Amino acid sequence: MKQIKIILADDNDNTRSSLKRLLELDDAIDIVSEARDGKEVIAQIPSMEPHIVLMDVNMPELNGIEATRVINRNYPQVAVILMSVNDETQNFRRAMSAGAKEYLVKPIPTTELHSAIHQVAEAHGQSLKRSAFTAPNGNVQPVIGKQKIISMFGTKGGVGKSLVCTNLAVAAAQATHGRVGLMDLDFQFGDVCVMMNIEPRRTILELLQEGDQSGKEILEQFLYERYGVHVLAPPNKPELSELISAAGVARIMTLFREYCDYTFIDTSSYIDESTLTILENSDIILLVVGLDLPSIKDIKKAMDILRSLSLLPKARLILNRSKSVAGIEARDVEKALDLPIRLQLPSDGKLVMASVNQGVPFIKINPRAPISKEIINLFRMLEKEQV
-6 MKQIKIILAD DNDNTRSSLK RLLELDDAID IVSEARDGKE VIAQIPSMEP HIVLMDVNMP
54 ELNGIEATRV INRNYPQVAV ILMSVNDETQ NFRRAMSAGA KEYLVKPIPT TELHSAIHQV
114 AEAHGQSLKR SAFTAPNGNV QPVIGKQKII SMFGTKGGVG KSLVCTNLAV AAAQATHGRV
174 GLMDLDFQFG DVCVMMNIEP RRTILELLQE GDQSGKEILE QFLYERYGVH VLAPPNKPEL
234 SELISAAGVA RIMTLFREYC DYTFIDTSSY IDESTLTILE NSDIILLVVG LDLPSIKDIK
294 KAMDILRSLS LLPKARLILN RSKSVAGIEA RDVEKALDLP IRLQLPSDGK LVMASVNQGV
354 PFIKINPRAP ISKEIINLFR MLEKEQV
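Quick look at the structure:
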């Protein structure tokens, strides 16, 4: 079932919190962002790509009426639903004249709120009957060539594998017309949802509880779409990771291979049975390493394990923050690991920090930045790999 992506805007924190709780009762609704005024809403639309903006009329900076006019003019693909405590006919007419698709009077009954959102979504071309893997014209996108599963592995927390993985998935979605999946299989401390601004209610754990009957239709109900990427979240609590088996991981990977052209997997930073299952069932393994001795030492140990399992031929070495440490050069890393570096990602602390704090991939914030261009080059390299 396709999620209806919503930006929720109200300058009153308590009202916004109450509305959010009401909206989360509907599994088809995905609140991708919140805002306190019209300016924040407009600034967030390019990166969050909502289907609907649910917005209060009376807000500071830029009120709901004026913000609706701007949205209707610049982002016609986004529908606006306005809310107000004022039920006068004149206000309703002003809202409709500005381009709002619906006008709701507070306090809004739960059934009325959900019904309005679904009706606007249907009328605005975001039918819930449309599959998450379906093209805008309603036809299923053809799979081109052999589907690839690309896993990201790093033995040290903070080496940047999650950041590389999320941005690489977005680059793939932008560069192809295929289906792109992103699985956060760091079951205890996964960061993908934070980096993609997702607050998951359903995760891989609930998907596995569907049993052997789970297929495409079931899978789609557990995915969150961002920037053309379909994300499967890890459990919401670290202790729940114990309930996920390696066999279950293999089954989910099979589902993704069947329905996605490209699947990117962020793994944990240690090797256990589930991690080995992921690596064994991947077509390409990206080893992310930094210019520091602990990172190099640990990745060398991981390579020894991959070598013993005949998995090393799948491995491609990626150097992150390639100019951030003095004293150790890229050639030193290649010599120590006896493996060529396929690509070097430059440092950009300011952009990366903004990306993480905003929950927006840096490739969307600044696609012309050197680090963004190298992510695109990395995908092009992977695209050409024969598997």
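My numbering numbers the first residue of the sequence shown as -6 and each following residue consecutively.
The C-beta atom is built at its ideal place from N, Cα and C for all residues, glycine as well.
Computed from a prediction, not measured in an experiment: that's the story for all the values here.
- Under the DSSP assignment, Ile369 falls in the alpha helix (DSSP H) whose first and last residues are 363 to 377.
- Straight-line spacing of the CA atoms in Val63 and Ile35 works out to 8 angstroms.
- Partner residues in the beta bridge of Lys141, as assigned by DSSP, are Tyr255.
- A direct Cα-Cα distance of roughly 39 angstroms separates Leu330 from Phe215.
- In the three-state reduction of the DSSP assignment, Met48 falls in the strand class.
- When Lys328, Ile292, Leu286, Ser303 are compared, the shortest CA-CA separation from Ser275 is found for Ser303.
- Residue state for Met246 is assigned as helix, using DSSP reduced to three classes.
- Rounded to whole angstroms, Asn359 and Ile38 show a C-alpha spacing of 15 angstroms.
- Contiguous alpha helix (DSSP H) elements confined to the region 282 to 344 occur at 286 to 301, 323 to 330, taking only those with 4 or more residues.
- Thr270 and Ala226 do not touch by the CB rule: their CB atoms are close to 19 angstroms apart, not below 8 angstroms.
- For Asp23, the enclosing beta strand (DSSP E) covers residues 22 to 28.
- Bounds of the alpha helix (DSSP H) holding Lys32 are 31 to 41.
- Judged by beta-carbon spacing, Ile(-1) lies within the 9 angstroms limit of Leu16, meaning their Cβ atoms are closer than that value.
- In the DSSP assignment, no residue is bridged to Met89.
- Taken in chain order, the complete alpha helix (DSSP H) segments of 4 residues or longer contained in the region 172 to 233 are 185 to 188, 197 to 201, 209 to 213.
- Under the three-state reduction of DSSP output, Ser238 falls in the coil class, being neither helix nor strand.
- For Val78, the three-state secondary structure derived from DSSP is coil.
- In the assembly as shown, His44 is a buried residue. Its beta-carbon has 16 or more other beta-carbons within 10 Å.
- Closest in alpha carbon position to Asp254, among Met296, Leu236, Ala162, Asp23, is Ala162.
- Taking the Cα positions, Leu280 is about 26 angstroms away from Asn229.
- Annotation: Val98 is outside any alpha helix (DSSP H); the continuous beta strand (DSSP E) that includes it extends over 95 to 98.
- Note on geometry: alpha-carbon atoms of Gln(-4) and Ile24 lie some 9 angstroms from one another.
- When the Cα atoms are used, Thr268 and Gln167 turn out to be separated by approximately 28 angstroms.
- Membership of Lys13 in the alpha helix (DSSP H) is indicated by the continuous run 6 to 16.
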